[in-house]
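Structure first, commentary second.
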Ligand SMILES: Cc1cc2nc3c(=O)[nH]c(=O)nc-3n(C[C@H](O)[C@H](O)[C@H](O)COP(=O)(O)O)c2cc1C
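Numbering (my numbering), first residue to last: 443 to 617.
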């Protein structure tokens, strides 16, 4: 039986421009504050999942897909993830309003759903993202304009913190 402070959680993410990294950092901070040990790492830097009892995995969404490295991580670690408590999140829409309404219920790429069905995550959610026009190229700015997605940072820190607190509560309940 593990005590709370022996429980290691991996918070791992795929980002192009940093918005998702910020969301992962906030989740890690909340888990640490709750007395758990969280490592926050980009998916490309993750090796063995052995030390972790739980994994939170998130990716930025580009044209309906997760970043390639996040999809790859999910596929290649499917068995190890299926043995752990897993939470998934997408970092997506810009614009005001309820994130799930903005996404019309979408939370996660359908193409990856069969893998998620085998992993059985505790929850899959989506958060508002951020689009910084100074970082994006002309094509990306054009796409956002075409789908009427505003530029700016719309990350909802309260929603992110609340979700992380729920994860901590569930894990502490299991410790
Ligand atoms: C070219 C482009 C396409 C995007 N496509 C989607 C999309 O299909 N769905 C969505 O919710 N957000 C979409 N976004 C918004 C990004 O997912 C959002 O800005 C995200 O937070 C960026 O994360 P990152 O900074 O970690 O890369 C798109 C943004 C760009 C620039």
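Glycine included, every Cβ here is placed at the ideal spot set by N, Cα and C.
Values in this document were obtained by computation on a predicted structure and should not be read as measured data.
Could you tell me if the beta carbon of residue 469 falls within a distance shorter than 6 Å of some heavy atom in ligand 1? Counting from one through the chain shown, the residue named residue 469 turns up at place 27. No.
One question on the structure: do residue 613 and residue 480 come within less than 7 Å of each other, judged by their Cβ atoms? If you number the chain shown from 1, residue 613 lands on position 171. If you number the chain shown from 1, residue 480 lands on position 38. Result no, Cβ atoms of residue 613 and residue 480 do not sit closer than 7 Å.
What residue range does the alpha helix (DSSP H) around residue 556 cover? Your numbering for residue 556 matches position 114 in the chain shown. Taken as a continuous stretch (DSSP letters only), the alpha helix (DSSP H) holding residue 556 covers 555 to 561.
With a threshold of 6 Å (Cβ to nearest heavy atom), would residue 494 be considered close to ligand 1? Here the question's residue 494 lines up with position 52 in the chain shown. Every heavy atom of ligand 1 is 6 Å or more from the Cβ of residue 494, so no.
Taking the alpha carbon of residue 540 as the reference point, which residue from 596, 472 and 507 has its own alpha carbon closest? For the purposes of this step, residue 540 is identified with residue 98 of the chain shown, where counting begins at 1. Residue 540 has its Cα closest to that of 596, out of 596, 472 and 507.
Is residue 488 near ligand 1, going by C-beta to nearest heavy atom under 6 Å? Sequence index remark: in the chain shown, residue 488 carries index 46 (1-based). Every heavy atom of ligand 1 is 6 Å or more from the Cβ of residue 488, so no.
Let's see if you can read the secondary structure: which residues bound the beta strand (DSSP E) around residue 502? As a first step, residue 502 is located in the chain shown; it is residue number 60 there, counting from the start. Counting along the chain, the beta strand (DSSP E) containing residue 502 begins and ends at 496 to 504.
If we call anything under 7 Å between Cβ atoms a contact, is residue 462 one with residue 533? Here residue 462 refers to the residue found at position 20 of the chain shown. Here residue 533 refers to the residue found at position 91 of the chain shown. Contact flag set, yes.
Could you tell me whether any non-hydrogen atom of ligand 1 is closer than 6 Å to the CB of residue 566? Taking the first residue of the chain shown as 1, we reach residue 566 at position 124. False, no ligand heavy atom lies under 6 Å from that Cβ.
Do residue 529 and residue 465 have their beta-carbon atoms positioned less than 7 Å apart in this structure? Residue 465 sits at position 23 when you count from the first residue of the chain shown. Residue 529 sits at position 87 when you count from the first residue of the chain shown. No, the pair does not count as a contact, with Cβ atoms beyond the cut-off.
Would you be able to state if there are at least three C-beta pairs under 8 Å between the segment 469 to 478 and the segment 514 to 521? Not touching, per the Cβ criterion.
In angstroms, rounded to a whole number, what distance separates the CA positions of residue 570 and residue 560? Residue numbering aside, residue 570 sits at position 128 when the chain shown is read from its first letter. Residue numbering aside, residue 560 sits at position 118 when the chain shown is read from its first letter. A direct Cα-to-Cα measurement between residue 570 and residue 560 gives close to 27 Å.
Consider the C-beta atom of residue 472 and the heavy atoms of ligand 1; say whether any pair is separated by less than 6 Å. For this step, residue 472 is matched to residue 30 along the chain shown. Here the distance from the Cβ of residue 472 to the nearest heavy atom of ligand 1 is not below 6 Å.
Does DSSP put residue 487 in a helix, in a strand, or in coil? Looking up residue 487 in the chain shown gives position 45. When DSSP states are grouped into helix, strand and coil, residue 487 belongs to the helix group.
Determine which residues share a DSSP beta bridge with residue 599 and list them. As a first step, residue 599 is located in the chain shown; it is residue number 157 there, counting from the start. None, per the DSSP bridge assignment.
Under three-state DSSP, which class holds residue 548? Numbered from its first residue, the chain shown carries residue 548 at position 106. Note: residue 548 maps to coil in three-state DSSP.
What do you get for residue 605, buried or exposed, if any count of 16 or more other CB atoms within 10 angstroms of its CB means buried? Walking along the chain shown from the start, residue 605 turns up at place 163. Label assigned to residue 605: buried.
C-alpha distance - residue 522 paired with residue 500, whole-angstrom precision: As a working mapping, residue 522 is identified with position 80 in the chain shown. As a working mapping, residue 500 is identified with position 58 in the chain shown. Approximately 17 Å, taken between the alpha carbons.
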